[in-house]
């Protein structure tokens, strides 16, 4: 009796989940039918748009579709930068928020078009689910900028930081601290393409794949693992087991982000190795920058969201005048994981170490009290 | 834990056993629990051999699983799930489910971090690392956990909303609140005293205190066995033979003192020892300073929680009621049990336990992140079920659930040691979970026939 009740509840839950997740997958038929006329339509539209290119930028309305404005970063860093760039270019800013729903975002993009947006910037909730909307916008003669996250559409301008370079910078900073020995690599979520982008960047810097040796033969990868959901607590357990398996003989750890670096450093601390074993990270998390000042983390690859926002604003202004994305300054072809050749603009991330902590201070990314909490006076230049 | 659950047949009283079955009967132990200990032994030995074979020496003797350091880590890693599993037993026994504990863990853990990193030092301007910070943070966290549990329990017990739905909602709501609290930022570094709750060689008892604790526990077992025996005799209940009682005492003490011995044989890692010597002005002897680690603080918390929860479930009216409700809710209601109040209290209890786990987890990570406790509910339910808790209600034990948590964590840590990637780990854990329960159901069905 109870079993049956439980089973039926589970059934209801399953249906609820299915309903929720169903919205993130586009109906194939809709996608196909929308794609067919798009080529002709966009050709016509771009002709029309270039005719109007000489019109004043004053008519340039740029719509931004945020996937989740509730997250701190977008409101605090990205939006003001985009707005500033648009204002400087004489364009107008409109926006809406999809509240983490791919379905809502599809409606939101339509909405921006009907509000008269001439260029649309999309921070995609789901890079696949948004494709029909992108096709629709392009068909209406509105160029699309894929902001920060990949949308596999060759006609959309892909604007992001160079993730491969992030991995390369992480590896380089760690190698600068420790050029040889036993290395452990804590990677992010297996389903996230970024985890592998980062890893390939490390190979470029000279950190070999598991089982392979680097040219000089001085680095041994004694532990390498993906981490579910980039979860710091999982990373901590992984690091503990790697330490156990190698009798604590670990010389360096390359962690793909700051959260996981926190878990790694907690594990290193428990065996008294924090501060002697170099550890990498990325994202510019405030606690991670504090750890760099304290000396327990070696490098934090920082992607200043304001640079990305400015680049997007500038690109939008240019696209208002000329909707050809290949003509936007600083773009280059980019081969995507889906083997499409996209037009992209990849910004350069910056490696933050103990020696250039003033960069994040000067940028007002972090205040001095937070950065220098617990730091011994005189040990770090930026904290003096 | 040591209480006899059934009666001993007259024929075996005061006689030496003639067979293994006779021996088990005389000892009158929970055979399911014994089976789990056996399964755990198989898992441990298996990982020991495999880690040796895949290790640098490629033989079966150089394994790293059964080393003091790994067992020390394993004990710590099992704590968070173990604590919550003790509460999940009562929830499942009374025919409910709680899917929200991972999110409650996250919310309480995150809030405690806010208290010690933002509210006390910054909002109130009292500064970091005050001596009272940790206890205030912990109290607020536990109160919050209890309040959330009470709210959910009220909806389930008085509102008659199925617990699956209430806690499914809770799973989403509490996790959402974690993001809302500080826009998804990581909160760190935590209060220095609070961090001790997470355990590390510097947050452990040390050898002397560990031995004292072990000997006290051993004395406790002997006392309980004698007292129980005396009481049962007084009321004319059958008792174990004297020799069987003696064997139980010896086994219990051996297990406890063995555990203490292993924890003590994990010496501080050289890095920490050097640091300690430096900080205390000690010249290191050749070969380094040897400091025994002992039992880690969070492990002591888990042991205390297990004892208290076992006491509540087996010796208090509340516990009896929970089992009565699980056995037959209607009969319990007709028998005069306040079913609604009892059910609500089980949710309050698990809310408190989730908060304690939240404290241990965040202290261990030395930071509060928004993903704290994500999917913990699944591990906890699996631990309770592997530990013999039945979904049809009325059956389950606290020590079993804790053992279940250790089994789960052994699988995960062992696979990490063997460098198995996380998706494969999930597959193995899932297969083990289902086969364990299928096997158990099969055995139970046969013995019932």
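Chains as they are written, first to last, in this note's numbering: chain A, -13 to 370; chain B, 28 to 476. Where is the CB? At the ideal position from N, CA and C, for every residue including glycine. Only a predicted model underlies this, so the values are computations on that prediction, with no experimental measurement involved.
Asked	Found
In angstroms with no decimal places, state the Cα-to-Cα distance between residue 143 of chain A and residue 127 of chain A.	14 Å
Please tell me whether residue 258 of chain A and residue 298 of chain B are closer than 8 Å, where the distance is taken between their beta carbons.	yes
Counting contacts by CB-CB distance shorter than 8 Å, is residue 214 of chain A in contact with chain B?	yes
Note down, in chain order, every chain A residue with its Cβ under 7 Å from the Cβ of residue 13 of chain B.	Residue 13 of chain B lies beyond the residue range present for chain B, which begins at 28 and ends at 476; the question has no answer from this structure.
Only counting the same chain, and skipping five residues up and downstream in sequence, which positions put a Cβ closer than 6 Å to that of residue 176 of chain A?	212
Could you give the distance in angstroms between the alpha-carbon of residue 140 of chain A and the alpha-carbon of residue 302 of chain B?	56 Å
Beta carbons nearer than 9 Å to chain B: which residues of the segment 267 to 282 of chain A have them?	271, 272, 273, 274, 276, 277 and 280
Given a limit of 7 Å on CB to CB distance, which residues of the segment 221 to 244 of chain A reach chain B?	222, 223, 224, 226, 227, 230, 231 and 234
Does the segment 253 to 264 of chain B touch the segment 341 to 353 of chain B, meaning 3 or more C-beta pairs lie closer than 8 Å?	no
Give a yes or no on whether 8 Å exceeds the smallest Cβ distance from residue 455 of chain A to chain B.	This structure gives no information on residue 455 of chain A, because the portion of chain A shown stretches from -13 to 370.
Determine the burial state of residue 251 of chain A: buried for a count of at least 16 other Cβ atoms within 10 Å of its Cβ, exposed for fewer.	buried
Cβ closer than 7 Å: which chain A residues qualify as neighbours of residue 471 of chain B?	Neighbours of residue 471 of chain B on chain A: none; closest Cβ ~15 Å, over 7 Å.
Any C-beta of chain B sitting closer than 8 Å to the C-beta of residue 363 of chain A?	no
From A:367, A:295, A:342 and A:323, pick the residue whose C-alpha is nearest to that of residue 137 of chain A; which is it?	A:323
Tell me whether residue 281 of chain A, by its Cβ, gets closer than 7 Å to a heavy atom of the ligand HEM.	You won't find the ligand HEM in this model; it holds no ligand whatsoever.
May I ask which residues mark the beginning and end of the alpha helix (DSSP H) holding residue 192 of chain A?	Counting along the chain, residue 192 of chain A falls outside any alpha helix (DSSP H), and DSSP gives it neither H nor E.
Is residue 218 of chain A helix, strand or coil by DSSP?	helix
For the segment 65 to 90 of chain A, enumerate the residues whose C-beta is nearer than 8 Å to any C-beta of chain B, in chain order.	none
Exposed or buried, which one is residue 186 of chain A when buried takes at least 16 other CB atoms within 10 Å?	exposed
Compare the C-beta of residue 219 of chain A against all C-beta atoms of chain B and say whether one is closer than 8 Å.	yes
Assuming contact is defined by CB atoms lying nearer than 8 Å, are residue 435 of chain B and residue 455 of chain B in contact in what I supplied?	no
Output yes if chain B places a C-beta closer than 8 Å to the C-beta of residue 249 of chain A; else output no.	yes
Taking CB distances under 8 Å as the criterion, tell me whether residue 211 of chain A reaches chain B.	yes
Tell me whether residue 477 of chain B sits in a helix, a strand or coil according to DSSP, three-state version.	The structure shown has nothing for residue 477 of chain B, since chain B only spans 28 to 476.
Which of the three DSSP states, helix, strand or coil, is assigned to residue 243 of chain B?	helix
For residue 222 of chain A versus residue 249 of chain A, is the C-beta spacing smaller than 8 Å?	yes
If you drop the 5 nearest sequence neighbours on each side, which residues of the same chain put their C-beta closer than 6 Å to that of residue 362 of chain A?	none
Name the DSSP beta bridge partners of residue 265 of chain A, please?	A:239
When DSSP labels each residue in this structure, what does residue 294 of chain A get in the three-state scheme?	helix
Do you know how far the Cα of residue 68 of chain A is from the Cα of residue 295 of chain B?	53 Å
Return the bridge partner residues of residue 100 of chain B from the DSSP annotation.	Answer by DSSP bridge pairing: none, since residue 100 of chain B is not bridged.
Could you list which residues in chain B have their beta carbon closer than 9 Å to that of residue 50 of chain A, in chain order?	Within chain B, no residue comes near residue 50 of chain A; the closest Cβ sits about 19 Å away, beyond 9 Å.
I'd like to know if residue 122 of chain A contacts chain B, where contact means its C-beta is closer than 8 Å to some C-beta of that chain.	no
Just to confirm the assignment: which complete alpha helix (DSSP H) runs, minimum length 4, are found wholly within the segment 99 to 181 of chain A?	117 to 125 and 149 to 163
Taking only beta carbons into account, state which residues of the segment 334 to 353 of chain A come closer than 9 Å to chain B, listed in chain order.	none
Looking at residue 152 of chain A and residue 284 of chain A, is the spacing between their C-beta atoms short of 8 Å?	no
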